[in-house]
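*Asks:* Mind having a look at this structure? Questions to follow.
Protein chains: 2
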Amino acid sequence: MLSTYAGTAAPRNPVVAISPAEAVHWLDPLAPMGAIVRLGRNSEFVVQDEPSAFCFQIVSGCVRTAMAMEDGRRQIGEFLFAGDLLGYETDGPQPYAASAVGDVVLRRFRRCAIDRLAASDTEFDTALRQYLSGQLRTARKRIALLGRGTAGERIMSFLREMQARLCEGGATAFELPIKLVDVADYLGLALETVCRGVADLRKSGAIGGSRTYFVMPRLALRVLH
Amino acid sequence: MLSTYAGTAAPRNPVVAISPAEAVHWLDPLAPMGAIVRLGRNSEFVVQDEPSAFCFQIVSGCVRTAMAMEDGRRQIGEFLFAGDLLGYETDGPQPYAASAVGDVVLRRFRRCAIDRLAASDTEFDTALRQYLSGQLRTARKRIALLGRGTAGERIMSFLREMQARLCEGGATAFELPIKLVDVADYLGLALETVCRGVADLRKSGAIGGSRTYFVMPRLALRVLH
DNA sequence: CGGCCCATTGAAGCTCATCAAATCGAGTGG
DNA sequence: CCACTCGATTTGATGAGCTTCAATGGGCCG
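These protein sequences, in sequence, are chains L and U. Note that the numbering used here gives residue 77 to position 71 of the first sequence, counting from 1, and the numbers run on in steps of one. Note that the numbering used here gives residue 54 to position 48 of the second sequence, counting from 1, and the numbers run on in steps of one.
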């Protein structure tokens with residue numbers, strides 16, 4: 007596992023779009039220093055409680071971070087998609103493990119390479135800071151969701167997130183590449199609760215589609231932001 | 007409210023301690039640009055959903071950030087104490103309001119002043135990045151706690167946090183300056199649940215003290231990290 | 001001494017977790 | 001093409017943990 011190739015691939019989901027076709031990503035300047043890594047479904051490439059000198063940019067596919075407790079409880083920290091950066095913020099034992107949800111392609115960097123580039127490249131430095139700020143805002147929204155949101159709200163919020171990540175432009179339909187177990191551990195719910203919640207949303211007409219296919223309504227009607 | 011003075015005060019709870027007596031904080035280089043603000047109990051100085059051009063360093067006292075929903079539910083994002091920085095990560099409408107728990111003294115900066123200093127001072131830039139990374143790690147621990155922790159675990163985790171913030175050196179006893187309502191909204195619980203949880207911890211001997219006074223045991227025995 | 005804020009305790013109900021079993025769908029091999 | 005298998009989703013029944021509502025008690029300040 008964790009095979010390494012020399013090569014590049016154009017990252018999707020750019021933060022800065024210069025032109026519709028040729029997307030520029032803030033991590034691009036770092037690309038030459040990155041090794042491409044290809045992983046199969048469920049392979050774990052960051053181990054909980056062990057230090058890791060690496061960060062990863064998702065090139066394609068979906069990655070999850072997960073914190074496990076001794077008694078089997080599990081919390082998923084985030085799902086990452088093409089363009090996202092993983093593992094920068096923790097130097098030392100990693101509180102969350104990271105693994106591939108499906109097949110993924112990653113670009114691997116040493117953490118210090120990022121720090122070094124930040125020290126010399128002001129633009130990159132700003133982008134990194136904005137990235138961290140954004141992650142922090144996102145994490146805090148999730149704190150409110152997990153602290154005070156009902157099961158239905160958590161599920162709807164999750165689906166909106168996925169819509170934002172998985173739909174091109176203003177599209178509203180997507181195929182969810184994530185299993186219910188993972189969704190449940192992401193939302194702090196039981197798998198059955200998620201299943202029932204989704205069924206309820208479908209029966210009430212709040213969303214459309216069936217099984218792993220979702221059709222979201224246009225407007226964000228009162229979904230905990 | 008929100009009166010402003012020119013003046014300085016030595017920040018407690020430094021991130022970098024050069025000598026025991028003369029503590030140096032990473033925000034110190036910014037101090038000359040900051041205005042001192044004194045606020046009374048419960049005064050709100052950042053309003054939810056409204057933009058704010060300012061960041062604040064807590065000089066003394068305790069501050070809370072809170073997100074409120076239309077139906078009265080409320081989530082507290084964090085409690086901040088002397089030395090902490092608030093409000094850097096969000097430029098634009100603030101998802102969380104900020105208010106004083108008791109009387110507080112703050113130092114106020116423009117957000118752009120921080121960015122400007124970061125661009126010119128490498129050491130400060132690094133410290134800022136480490137600060138953001140630390141906040142992110144903290145927020146993600148909280149996500150696991152709120153997603154999967156029981157009431158008892160949340161409460162114990164909160165008390166440990168407070169011990170870390172409020173106790174000098176290795177002390178284990180502290181007076182909690184925060185009301186149960188706020189603790190409840192911080193932990194995503196009902197205030198009665200917090201009250202009962204604390205009572206249970208006391209009855210079982212897991213902690214000591216009474217009312218707002220807490221005596222923690224020495225070792226961290228299985229408290230969700 | 002009275003009023004107020006907050007902590008505390010009790011009782012009842014609801015949401016969600018847990019346990020168990022049925023069903024579905026995608027492969028896989030005969 | 002169909003039977004079989006395995007992983008995943010779905011549905012049902014029951015119960016635990018937490019919330020909610022209500023009332024009491026305790027400390028502090030005017």
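Cβ coordinates follow ideal geometry from the N, Cα and C atoms, glycine included.
1) Beta-carbon within less than 7 angstroms of Ser58(U)'s beta-carbon, same chain only, minus the 5 sequence neighbours each way: which residues are those?
2) Report the partner residues of Leu91(L) according to the DSSP bridge assignment.
3) Give me the DSSP bridge partner(s) of Glu50(L).
4) Give a yes or no on whether the C-beta atoms belonging to Phe220(U) and Phe180(U) are separated by under 7 angstroms.
5) Less than 6 angstroms between C-beta atoms, sequence neighbours within five positions excluded: which residues of the same chain meet that for Cys173(L)?
6) Let's test the definition: count the other Cβ atoms within 10 Å of the Cβ of Val189(L) and tell me whether it reaches 16, buried, or not, exposed.
7) DSSP on Pro38(L), reduced to helix/strand/coil?
8) Who are the near neighbours of Gly211(U) in its chain, counting only those whose CB is closer than 7 angstroms to its CB and skipping five residues on each side?
9) Could you run through the stretch 101-134 of chain U and flag, in chain order, every residue whose CB is less than 9 angstroms away from some CB of chain L?
10) Please confirm if Arg160(L) has its CB atom under 7 angstroms from at least one CB of chain U.
11) Between the stretch 195-214 of chain L and chain U, which residues of the former have CB atoms less than 8 angstroms from a CB of the latter, in chain order?
12) Are the beta-carbon atoms belonging to Cys68(L) and Pro223(L) less than 7 angstroms from one another?
13) Alpha carbon to alpha carbon, what distance is there between Gly158(L) and Ala205(L)?
14) Going along the chain, which unbroken runs of the beta strand (DSSP E) with 3 or more residues stay wholly within the stretch 118-180 of chain U?
15) Nearest to Asp90(U) by alpha carbon, out of Asp97(U), Met162(U), Ala41(U) and Leu138(U)?
16) Any idea what DSSP makes of Gly214(L), helix, strand or coil?
17) Just list the residues that DSSP pairs Tyr219(L) with in beta bridges.
18) Ser49(U): which of Ser66(U), Ala103(U) and Thr156(U) sits nearest, CA to CA?
19) In the DSSP assignment, the alpha helix (DSSP H) including Gly83(L) goes from what residue to what residue?
20) Would you verify that the beta carbon of Gly287(U) is, or is not, closer than 7 angstroms to some beta carbon of chain L?
21) What does Leu186(L) touch in chain U if you count any residue whose Cβ is under 8 angstroms from its own?
22) Contact criterion: CB-CB distance below 7 angstroms. Does Pro83(L) meet it with respect to chain U?
23) Do you know offhand how far Gln141(U)'s Cα is from Leu86(U)'s?
24) Counting only Cβ pairs nearer than 9 angstroms, list the residues of chain L close to Gln54(U).
25) Does the beta carbon of Ala74(L) come closer than 7 angstroms to any beta carbon on chain U?
26) Tell me which residues of the stretch 34-63 of chain U have at least one Cβ-Cβ distance to chain L shorter than 8 angstroms, keeping chain order.
27) Measuring only the C-alpha atoms, how far is Met162(U) from Ile149(U)?
28) Our contact map puts Gly194(U) next to Gln54(U) with C-beta atoms below 8 angstroms; I'd like the distance itself, whole angstroms only.
29) Would you mind sorting Cys118(U) into buried or exposed? The rule is 16 or more other CB atoms within 10 Å of its CB.
30) Nearest-angstrom Cα distance between Thr178(U) and Gly214(U)?
31) How would you call Pro17(U), buried or exposed, if buried means at least 16 neighbouring beta carbons within 10 angstroms?
*Replies:* Working from what's here:
1) Along the second sequence, read from residue 1 onward, the residue named residue 58(U) stands at position 52. Counting only Cβ-Cβ distances below 7 angstroms, and skipping sequence neighbours, we find Val52, Gly93 and Gln100.
2) Here residue 91(L) refers to the residue found at position 85 of the first sequence. In the DSSP output, where bridge partners are listed per residue, Leu91(L) has Gln63(L).
3) The residue labelled residue 50(L) in the question sits at position 44 within the first sequence. Note: Glu50(L) sits in a beta bridge opposite Ser105(L).
4) Translated into the one-based positions of the second sequence, residue 220(U) becomes position 214. Translated into the one-based positions of the second sequence, residue 180(U) becomes position 174. Yes.
5) Mapped onto the first sequence, residue 173(L) falls at position 167. For Cys173(L), where only same-chain residues beyond five positions count, the Cβ hits under 6 angstroms are Phe180.
6) For the purposes of this step, residue 189(L) is taken as residue 183 along the first sequence, with counting starting at 1. With 16 or more other Cβ atoms within 10 Å, it is buried.
7) Mapped onto the first sequence, residue 38(L) falls at position 32. Three-state DSSP puts Pro38(L) in a helix.
8) Taking the second sequence and counting its residues from 1, the one referred to as residue 211(U) is at position 205. Cβ neighbours of Gly211(U) beyond the five flanking positions: none.
9) Pro101, Tyr102, Asp121, Ala124, Ala125, Thr128, Asp131, Thr132 and Leu134
10) The count along the first sequence starts at 1 and reaches residue 160(L) at position 154. It does not; no Cβ of chain U falls within 7 angstroms.
11) none
12) Along the first sequence, read from residue 1 onward, the residue named residue 68(L) stands at position 62. Along the first sequence, read from residue 1 onward, the residue named residue 223(L) stands at position 217. Not closer than 7 angstroms, so no.
13) On the first sequence, position 199 is the one that residue 205(L) refers to. On the first sequence, position 152 is the one that residue 158(L) refers to. Looking at the two C-alpha atoms, the distance is approximately 10 angstroms.
14) none
15) One-based indexing of the second sequence puts residue 90(U) at position 84. That would be Leu138(U), whose Cα lies nearest to the Cα of Asp90(U).
16) Residue 214(L) sits at position 208 when you count from the first residue of the first sequence. Note: Gly214(L) maps to strand in three-state DSSP.
17) Position 213 of the first sequence holds residue 219(L). Glu181(L), per the DSSP bridge assignment.
18) Reading the second sequence from its first residue, position 43 is the one you call residue 49(U). The candidate whose alpha carbon is nearest that of Ser49(U) is Ala103(U).
19) Mapped onto the first sequence, residue 83(L) falls at position 77. Looking at the DSSP string, Gly83(L) is not in any alpha helix (DSSP H); the run it does join, the beta strand (DSSP E), is Arg80 to Leu86.
20) The structure shown does not extend to residue 287(U), since chain U spans only 7 to 231, so no value can be given for it.
21) Sequence index remark: in the first sequence, residue 186(L) carries index 180 (1-based). Simply none; closest approach about 16 angstroms.
22) Start at 1 with the first residue of the first sequence, and residue 83(L) comes out as number 77. Residue identity differs from the one stated: residue 83(L) is Gly in this sequence, not Pro. So, interface residue.
23) Start at 1 with the first residue of the second sequence, and residue 141(U) comes out as number 135. Start at 1 with the first residue of the second sequence, and residue 86(U) comes out as number 80. One C-alpha to the other measures close to 11 angstroms.
24) If you number the second sequence from 1, residue 54(U) lands on position 48. None at all; the shortest Cβ gap to chain L is about 11 angstroms.
25) Residue mapping note: residue 74(L) aligns to position 68 of the first sequence, counting from 1. No, because no Cβ of chain U sits closer than 7 angstroms to the Cβ of Ala74(L).
26) none
27) Here residue 162(U) corresponds to residue number 156 of the second sequence, with the count starting at 1. Here residue 149(U) corresponds to residue number 143 of the second sequence, with the count starting at 1. Roughly 15 angstroms separates the two Cα atoms.
28) Translated into the one-based positions of the second sequence, residue 194(U) becomes position 188. Translated into the one-based positions of the second sequence, residue 54(U) becomes position 48. The pair is not a contact, with the Cβ atoms about 18 angstroms apart (cut-off 8 angstroms).
29) As a working note, residue 118(U) is residue 112 in the second sequence. So Cys118(U) ends up on the exposed side.
30) To locate residue 178(U), count along the second sequence from 1; it is residue 172. To locate residue 214(U), count along the second sequence from 1; it is residue 208. Rounded to whole angstroms, Thr178(U) to Gly214(U) spans 10 angstroms at the Cα level.
31) Along the second sequence, one-based indexing puts residue 17(U) at 11. For Pro17(U), the predicted model reports a pLDDT of 39, less than 50, meaning its position is unreliable; a value from the coordinates is still stated below. Counting Cβ neighbours within 10 Å, Pro17(U) comes out buried, since at least 16 surround it.
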